[in-house]
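Sequential numbering from -12 applies to the sequence shown in the working numbering. The C-beta atom is built at its ideal place from N, Cα and C for all residues, glycine as well. Below is one structure; the comments refer to it alone.
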Amino acid sequence: MDEQPLVKKTAQLPVIRRFTFGVGHVLNDLCASLWFTYLVVYFHRVLQFDNATAGYVMMAGQVFDAVSTPLVGYESDVSGGCRNYGRRKSWHLLGSFCVAFAFIMIFQPCIGCNKQTTVMAQFIYYLPFLFLSQFGWASVQISHLALLPELTTDTNERVGLNTIRYIFTVVSNMLVFIIMWVLLKFTGSGTTQEGLSTSLGPDDIPQFRLLVYIVVAVGSVFVLIFHIGTKEKTTRCVSSLEQSSNSQTRNSTMRWTDWLRCRQFYQVAGVYMCTRLMVNVSQVYVSLYVTETLGLDKDYVALIPLVIYMSGFFVSSVLVKPMNKFLGRKMTFFFGAVMVLGACDWILVGNVGKQVFGIAVLLGGGGSMALVTSLSMTADLINENTESGAFVYGAMSFTDKLSNGLVVMTVQLIHPCKTGCCAACKAFYQTVMAYIPGGAAVLSLVILATLIGTNIGQRRGRDRELNIEGVSQSPTPDNSTIQESYEKSNPVDGKQEELLHCSS
């Protein structure tokens, strides 16, 4: 059992406030499900983009998102918000408008284009909407995550909020898959059961258009609930000297440059990046795996992702919080990564047929366990330094988005078939589904091993290594609290707290 982060416990939030906070990311989750599960399929099969260009679409969006997240995080930390509305909720509202409009335009045919319009011209047409969608997505994600450690400092309460947040992520994805299954089953073009390659095509544009309309409408309702029910503490901008000299400050003020000198910042970022690769890459290619590799009917394009998220729903709602409480972050994450490795090993068996449901259970359960725990690790890392929490989440998301974009782009570029799908697709998608999530799981465990024996979120100032006014400062023992550390150090000026590092 690993040590728990050193933060002060606070009273539990009311149930209604947990609920309203938890639904604040539903619009993003619904649109993310469309993005990761159906974007490549939509542009390749429905809009008839070639494999490489469909990959460029995904890559462009991921790069825009990767660049936006740390910038949005920094601005969210330093801005004061719209009047007294709150800095986090202001960015959340702006991002929600951008996401809703942009996704409607992305899942529409190119306006003004015809059969003579080149694929590259259509790609350029979609670029502004890709940028707007990812800027908005980053604004909602970072502001929502940064609000979490501001609502409570209790570690178990933070896990609970992350769990509620992930439960709504799972429910959102399940809703998208159910709607998609209904649309394909009863209103889609082509009633033959010949698989995705012959069943989905340009005639299915109305189904995707209707899907995005429903997604945006439902998500907008939950955005309204979040903004009505979630109360954010308004803050005023103060100088770093004021912050460091405030006697109520429990941790020394952390600026974005201080995080870049923190070892745990990179360790936790590595764990989070690998977790997202496990979850997102399998989500992108599971539809193509079940249809092209396993040769299952087009209904499974919705059914298998649905099973993945049903499994994730059970694990995140029932198992994750008690496991984090009794086993600790590191052991809980370990079990999640091992479940994903088990699924990847099962995929290598070959033509598993209907056994894919078992694979889906392991992928969903392991992925949700690892993801919720990695988000809790990030909240632990921030501890009570919420003044720069959005930057931390933005940096984590930067590694996630950029790595996912590069991986998907690479997969599309090395695809053995230039257009459509050929005989080599069967082995290709099996390899992708087995080795990329599996490799990410192994790498995450390697990084996790470097955190053994450390207490995530515990810090020591560089001033402990300096002689301040002739008084030698010694490191605080591992089991002492951050509050005791602060009181003993008794800083004499603001510079002493500006140079802060994390204990290794």
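Item	Value
Whether F321 touches L432 by CB criterion (8 Å)	yes
T280 versus C409 - alpha carbon distance	11 Å
Within 8 Å, strictly: CB atoms of G345 and M326	no
DSSP state of V433 mapped onto helix, strand, coil	helix
I492 burial status per 10 Å Cβ neighbour count (16 or more: buried)	Because the chain is modelled from -12 through 491, residue 492 falls outside the range shown and cannot be assessed.
Pairwise C-alpha distance: Y272 and W243	35 Å
C-beta contact flag for G82 and W22 at 8 Å	no
Rounded distance between the beta-carbons of H214 and S130, thought under 8 Å	11 Å between Cβ atoms; not a contact.
Where I439 sits in the DSSP three-state scheme	coil
Under the three-state DSSP convention, the category Q49 falls into	helix
The stretch 147 to 154 contacting the stretch 395 to 405, beta-carbon criterion three pairs below 8 Å	no
R5 burial status per 10 Å Cβ neighbour count (16 or more: buried)	buried
Which of helix, strand or coil DSSP assigns to G35	Before going further, note that residue 35 is Gln rather than Gly in the sequence given. It is coil, neither helix nor strand.
Test item: CB-CB of T156 and F110 under 8 Å	no
Within 8 Å, strictly: CB atoms of F378 and D16	no
Status (buried if at least 16 other CB within 10 Å, exposed otherwise) for L511	No information on residue 511 is available, as it lies outside the stretch -12 to 491 that the chain covers here.
Residue environment, G99, which counts as buried when at least 16 other CB atoms sit within 10 Å	exposed
Whole-angstrom distance between F415 and A421, CA atom to CA atom	10 Å
Coil, strand or helix - C100 by DSSP	coil
Environment of Q251 [buried if 16+ CB atoms lie within 10 Å]	buried
Minimum length 3: unbroken beta strand (DSSP E) runs contained in the stretch 376 to 406	none
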